[in-house]
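Residue 1397 is where the sequence shown starts when you use the working numbering, and the numbers rise one by one after that.
For glycine and all other residues, C-beta sits at the position ideal for the given N, C-alpha and C.
Note that the coordinates shown come from a computational prediction; the quantities given were computed from them, not determined experimentally.
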Amino acid sequence: MATENISKQVDFSAVIEAWGQTGTFVKFAKTIDVPVGKMMHVEVDGKEILIANVEGKFYAVGDRCPHMNALLSKGTLNNSIVTCPRHFSSFDVITGKAISGNTQGLPVYQVKVDGNDLFIDR
Ligand code: FES
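Listed below in structure tokens is the structure:
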């Protein structure tokens, strides 16, 4: 399934701290910014992150392909599998693991939903 990709810069004024038990979370988007089956590119503290909506649940992984640095959010998303637009390695956005291609996996970031807002552990 082809995806429509969206880019967004994070508003750092929305930083909240000590949400839950771990880390510091930053508000980066509204849930409606990432419809089911879509991906979005965000930058948090200089990290390029791909947010994906898989059947109504939100997942975040590094947005740069470990093979040759392509932006994965410019690729395609099929269920939880993102395929790189350059050489077609694929990764699971839930686990970060490489599914195909001779490459390492992706860093995984925790996402929390509060009402209509999305927060990511930076
Ligand atoms: S850059 Fe992603 S597979 Fe080559």
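Residues of the same chain with a CB within less than 7 Å of the CB of Val1432, apart from the 5 flanking positions on each side, are Asn1449, Glu1451, Gly1452 in chain order. Secondary structure of Asp1517 (DSSP, three-state): strand. One residue list follows from the rule of a beta carbon closer than 5 Å to any heavy atom of ligand 1, given in chain order as Cys1461, His1463, Met1464, Ala1466, Cys1480, Arg1482, His1483, Ser1485.
DSSP, read as helix, strand or coil, puts Ser1469 in helix.
Pairing Arg1482 with Ala1494, the inter-Cα distance amounts to about 15 Å. Contact between Leu1473 and Phe1487 is ruled out by a C-beta separation of about 10 Å, above the 8 Å threshold.
In the structure shown, Asp1488 falls within a strand segment according to DSSP collapsed to helix, strand and coil.
The alpha-carbon separation between Leu1468 and Asp1513 amounts to approximately 23 Å. Of the residues assessed, Asp1459 falls on the buried side of the cut-off, its CB having 16 or more other CB atoms within 10 angstroms.
Around the beta-carbon of Ile1428, fewer than 16 other beta-carbon atoms lie within 10 Å, marking it exposed. By the neighbour-count criterion, in which 16 or more other beta carbons inside 10 Å mark a residue as buried, Phe1421 falls on the buried side.
A straight line joining the alpha-carbon of Val1507 with that of Lys1470 spans about 21 Å.
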